[in-house]
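S.K.: One structure, as structure tokens, below. Some questions next.
Protein chains: 2
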Amino acid sequence: MNLKQLSDHLGLSQTTVSRALNGYPEVSESTRERVQLEADRVGYRPNARARGLATGRAQAIGHVLPVSAQHEMVNPVFGDFIAGAGETYLKSNYDLQLSLVPDGEEEAAYRRLATTGTVDGIIVHGPRMDDPRIGLLHELGLPFVVHGRASNEALPYSWLDVDNYRAFHRATQFLAELGHRKIALINGLEFMDFAHRRRQGYLSALEAAGITPRDDLMSSAEMTEVNGHHAMRDMLNRPDPPTAVLTSSLILAIGARRALDEAGLQLARDVSIITHDDDLSYLRNGQDEAIFTATRSSVRDAGRIVAEMVLERIDVPDAPPRTVMMEAELIIGRSTGPCPTP
Amino acid sequence: MNLKQLSDHLGLSQTTVSRALNGYPEVSESTRERVQLEADRVGYRPNARARGLATGRAQAIGHVLPVSAQHEMVNPVFGDFIAGAGETYLKSNYDLQLSLVPDGEEEAAYRRLATTGTVDGIIVHGPRMDDPRIGLLHELGLPFVVHGRASNEALPYSWLDVDNYRAFHRATQFLAELGHRKIALINGLEFMDFAHRRRQGYLSALEAAGITPRDDLMSSAEMTEVNGHHAMRDMLNRPDPPTAVLTSSLILAIGARRALDEAGLQLARDVSIITHDDDLSYLRNGQDEAIFTATRSSVRDAGRIVAEMVLERIDVPDAPPRTVMMEAELIIGRSTGPCPTP
DNA sequence: GTGAAAGCGCTAACAT
DNA sequence: ATGTTAGCGCTTTCAC
Chain Y
1 MNLKQLSDHL GLSQTTVSRA LNGYPEVSES TRERVQLEAD RVGYRPNARA
51 RGLATGRAQA IGHVLPVSAQ HEMVNPVFGD FIAGAGETYL KSNYDLQLSL
101 VPDGEEEAAY RRLATTGTVD GIIVHGPRMD DPRIGLLHEL GLPFVVHGRA
151 SNEALPYSWL DVDNYRAFHR ATQFLAELGH RKIALINGLE FMDFAHRRRQ
201 GYLSALEAAG ITPRDDLMSS AEMTEVNGHH AMRDMLNRPD PPTAVLTSSL
251 ILAIGARRAL DEAGLQLARD VSIITHDDDL SYLRNGQDEA IFTATRSSVR
301 DAGRIVAEMV LERIDVPDAP PRTVMMEAEL IIGRSTGPCP TP
Chain X
1 MNLKQLSDHL GLSQTTVSRA LNGYPEVSES TRERVQLEAD RVGYRPNARA
51 RGLATGRAQA IGHVLPVSAQ HEMVNPVFGD FIAGAGETYL KSNYDLQLSL
101 VPDGEEEAAY RRLATTGTVD GIIVHGPRMD DPRIGLLHEL GLPFVVHGRA
151 SNEALPYSWL DVDNYRAFHR ATQFLAELGH RKIALINGLE FMDFAHRRRQ
201 GYLSALEAAG ITPRDDLMSS AEMTEVNGHH AMRDMLNRPD PPTAVLTSSL
251 ILAIGARRAL DEAGLQLARD VSIITHDDDL SYLRNGQDEA IFTATRSSVR
301 DAGRIVAEMV LERIDVPDAP PRTVMMEAEL IIGRSTGPCP TP
């Protein structure tokens, strides 16, 4: 059933029906009601492409993920984030288009998005420290918001980020205050902006605590279970192993834990690891020196906010960029077991 | 730059340019070349909405995820799956639309997808045992493929699934053969089809081994870290704790491990847990009784295949349904440590 | 081999 | 308050 059929059926013009359905004021209440009722009855839905062609809007937002290095997608965080964004889109009647862009084809992909007009705005995921995408998007004139930041980008742009620097600074500081001097960092790829910032936070806290950073206690690799395992195992096998560890993701932590298991070490008393869940009660039993970053619901909030931000930018294309910094939660359960002699 | 401008520029009609660009045979080689070259030079891209309106095709596939119970999205597996699907779409020039559908609004959402015409086909995620969506999609006449199955659905339909029954049967059997009699199952929500099948596999293996299933060794809940922790902790606190455990996802396993850590138990010698990674070398060191289900690359393959399946169904709408069963990998490293006396 | 013209289903400017 | 008409940018008959 299309608009023509519906309007013929009602004995009205397409225009009137369209106006009635889209809430234009010049339609009489009685006809609007009649139209709405009939539309509901027959289950009429305007064709999105036709409407888009007429209005020049796609009513869709593109989420663009770099995909060869899987650091982003695999991250459980992505699921929560996208769920939050989806909520916003649902409310605003936008569709969510997911673009998986292989490394190296980025520029082409963005240009394509801009010119084919399948989306009205874009969310940039997984920004690197040096990220050419932001300049490109500026040039293309497509409204966009970045989830994260690109440290070396001078142009102003809208972003939402977690304060990675501060989170890792505080986490490291906490471990240092517990007496640890050999604190390891198992990080993601450090050309990724978030990972870089985390490292900076870690380093600055070490420095503040008068601890000299050791290369053999820092690892940087794609965030997979295997890499977490390798990194942890290698560190434990070297002369002067760490007494505490920070990992940069749940997935790395899983691998790291396995290595600890194999070495006969127990998390509760020997290391600290970052986790990610909403209900923290199970961390508060005093057994863990657990460090916590982003709760699932906060990630979801982030998704929701970012989505709202693009929609705003679409409405007001030349509004000044907005930036949102989210604070990571840092929840700590003190160890009841003996703290390993640092 | 649109078609009209481009053709004016070339001194040709829109028709000819369109034909040249779309590979129609009646265009002379020389003009085709000239057109193509110029199109590339100015970066011409046809407007997707206009083309869609003219052809009646959206060139997009919808992936529909139920979203109130997060079992699907949060699963790291989803990332790999969607990456695989994305690969296929990229090759075939399709877009990927993600629909996050809140529980309860499913029917409306599917009807909307079918009538607004934003997608040409659909991938159904997270099927439940009784899933009304399949009947609905049949009725709507929209090509679709299910990732997973709906056990209680009588109608034929295309699906791709992992053999969950077999995987858990074999895993349980293996543990039983090691001498375990108290094998726990920490499962997802069992109205979800995959979880139900896993439980059936577990139960059948117990029966075959002459082990009476115990309710207190079976848990079923949303797949979150907290739930994994609770389930494991509760089991360990009860009179007759398990000597081996099967968990239904990485996330549950993380929580379960934490509970084990807290109880001073070590994975390597006390339990077995399902994991998920591509590089299994680190499991083969003889320390783990690890049970492994889906490698990341196999999940990616699954995504790729499912995407191909919808595209096929779009091309040949009344082809008989195709079904693909994937075998879960089962990789086991024998424990070198003492096997706990069951 | 190329072009003119109709039309995909809708919205919006312009009547009335 | 309702209708007429002209597009949106493309593909696709149909004519030449």
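Heads up: the sequence lines are chains Y and X, in that order.
The opening residue of the first sequence carries number 1 in full-length UniProt numbering; numbering runs sequentially from there.
The opening residue of the second sequence carries number 1 in full-length UniProt numbering; numbering runs sequentially from there.
C-beta: ideal position from N, C-alpha, C; glycine also.
Because the structure is a prediction, the values reported are computed rather than measured.
1. Closest by CA to Met-129 of chain X, which one among X:Tyr-44, X:His-180, X:Arg-32, X:Ala-150?
2. What is the DSSP secondary structure of Arg-108 of chain X, reduced to helix, strand or coil?
3. Using the beta-carbon count (16 or more within 10 Å), is Ala-20 of chain Y buried or exposed?
4. Using a Cβ-Cβ cutoff of less than 6 Å, which residues in the same chain neighbour residue 420 of chain Y once the five nearest sequence positions on both sides are dropped?
5. Identify which residue in X:His-229, X:His-9, X:Pro-25, X:Asn-237 has its Cα closest to the Cα of Gly-255 of chain X.
6. Mapping DSSP to helix, strand and coil, what is Gly-121 of chain Y?
7. Kindly provide the ranges of any alpha helix (DSSP H) runs that are 4 or more residues long and lie completely inside the segment 199-254 of chain X, ordered along the chain.
8. Starting from the C-beta of Leu-113 of chain X, find all residues in its chain whose C-beta is less than 8 Å away, skip the five residues before and the five after it, and write them out in chain order.
9. Just checking: is the beta-carbon of Gln-36 of chain Y within a distance shorter than 8 Å of some beta-carbon in chain X?
10. Taking beta-carbon pairs under 7 Å, can you tell me which members of the segment 1-22 of chain Y lie near chain X?
11. Assuming His-169 of chain X contacts Gly-201 of chain X under a Cβ cut-off of 8 Å, what Cβ separation, rounded to an integer in Å, is found between them?
12. State yes or no: is the beta carbon of Asp-240 of chain Y nearer than 8 Å to at least one beta carbon in chain X?
13. Measure the alpha-carbon distance for Arg-284 of chain Y versus Glu-262 of chain X and round it to whole angstroms.
14. What residue range does the beta strand (DSSP E) around Gln-97 of chain X cover?
15. Quick one: list the residues of chain Y neighbouring Leu-90 of chain X, beta-carbon separation under 8 Å, in chain order.
16. Which stretch, first to last residue, makes up the beta strand (DSSP E) that contains Thr-323 of chain Y?
17. Can you confirm whether residue 352 of chain Y, when its beta carbon is compared against all beta carbons of chain X, has any partner nearer than 8 Å?
18. Using a beta-carbon distance below 8 Å, is Arg-284 of chain X in contact with chain Y?
19. Identify, in the order they occur along the chain, each residue of the same chain with its Cβ nearer than 6 Å to the Cβ of Gly-148 of chain X, setting aside the five sequence neighbours on each side.
20. Determine whether the Cβ of Leu-142 of chain X lies closer than 8 Å to any Cβ atom of chain Y.
21. If I'm right that Arg-49 of chain Y touches Gly-52 of chain X with Cβ under 8 Å, what's the distance once you round it to whole angstroms?
22. Using 8 Å as the cut-off, can you tell me whether the segment 215-224 of chain Y makes contact with the segment 245-253 of chain Y, which would need three or more C-beta pairs spanning the two stretches below that distance?
23. Are the C-beta of Arg-214 of chain X and some C-beta of chain Y separated by less than 8 Å?
24. Tell me, please, whether the CB atom of Leu-53 of chain Y is closer than 8 Å to any CB atom in chain X?
25. If you measure from the beta carbon of Gly-43 of chain X to each beta carbon in chain Y, is any gap under 8 Å?
26. Since Val-145 of chain Y sits in a beta bridge, which residues does DSSP pair it with?
27. State the beta-bridge partners of His-63 of chain Y as determined by DSSP.
28. Using the three-state DSSP reduction, which class does Gln-5 of chain Y fall into: helix, strand or coil?
29. By the 10 Å Cβ neighbour count, where 16 or more other Cβ atoms means buried, how is Val-226 of chain Y classified, buried or exposed?
30. Pull up the distance between the alpha-carbon of Asp-318 of chain Y and that of Gly-135 of chain Y, whole angstroms please.
31. Per DSSP, Asn-187 of chain Y forms a beta bridge with which residues?
32. Check Leu-265 of chain X in the structure and name its three-state DSSP category.
33. For Arg-197 of chain Y, decide whether its Cβ has a neighbour in chain X, counting only Cβ atoms nearer than 8 Å.
34. Please work out which residues of its chain come closer than 7 Å, Cβ to Cβ, to Pro-321 of chain X, disregarding the five sequence neighbours upstream and downstream, and give them in chain order.
35. Could you name the residues of chain X that residue 345 of chain Y contacts, counting a contact when the two beta carbons are closer than 8 Å?
36. Going by DSSP, which residues form a beta bridge with Asp-161 of chain Y?
M.R.: Looking at the atomic coordinates:
1. X:Ala-150
2. Contrary to the premise, residue 108 of chain X reads as Ala rather than Arg in this sequence. In this structure, Ala-108 of chain X counts as helix in the three-state DSSP scheme.
3. buried
4. Given a span of 1 to 342 for chain Y in the structure shown, any question on residue 420 of chain Y remains unanswerable.
5. X:His-229
6. strand
7. Counting only runs of 4 or more residues that sit fully inside the segment 199-254 of chain X, the alpha helix (DSSP H) segments are 225-237, in chain order.
8. Counting only Cβ-Cβ distances below 8 Å, and skipping sequence neighbours, we find Gly-62, Val-64, Ser-99, Val-119, Ile-122, Leu-142.
9. no
10. none
11. Yes, His-169 of chain X and Gly-201 of chain X are in contact; Cβ-Cβ is about 4 Å, under 8 Å.
12. no
13. In this prediction, Arg-284 of chain Y has a pLDDT of 46, which is less than 50 and means its spatial position is unreliable; what the coordinates show is noted afterwards. Cα to Cα, the separation comes out at about 12 Å.
14. Here the beta strand (DSSP E) through Gln-97 of chain X covers 95-101.
15. Leu-100, Pro-102
16. 323-326
17. Summary: the structure shown does not reach residue 352 of chain Y, with chain Y confined to residues 1 through 342, and so no result is reported for it.
18. Caution applies to Arg-284 of chain X, whose pLDDT of 47 falls short of 50 and renders its modelled position unreliable; the model cannot decide the point.
19. Contacts found: Pro-127, Asp-161, Asp-193, Phe-194.
20. no
21. Between Arg-49 of chain Y and Gly-52 of chain X, the beta carbon gap of about 4 Å places them in contact (Cβ cut-off 8 Å).
22. yes
23. no
24. At a cut-off of 8 Å between C-beta atoms, Leu-53 of chain Y counts as an interface residue with respect to chain X.
25. yes
26. Y:Ile-123
27. Y:Leu-98, Y:Ile-123
28. Gln-5 of chain Y: helix per DSSP, three-state reduction.
29. It is buried - the Cβ of Val-226 of chain Y has at least 16 other Cβ atoms within 10 Å.
30. 16 Å
31. The partner list for Asn-187 of chain Y (beta bridge, DSSP) reads Y:Ser-220.
32. coil
33. no
34. Taking Pro-321 of chain X as the centre and dropping the five residues before and after it, the same chain places the C-beta of Pro-156, Tyr-157, Ser-158 closer than 7 Å to its C-beta, in chain order.
35. This structure cannot settle anything about residue 345 of chain Y, because the visible part of chain Y is limited to 1 through 342.
36. Paired residues: Y:Met-325.
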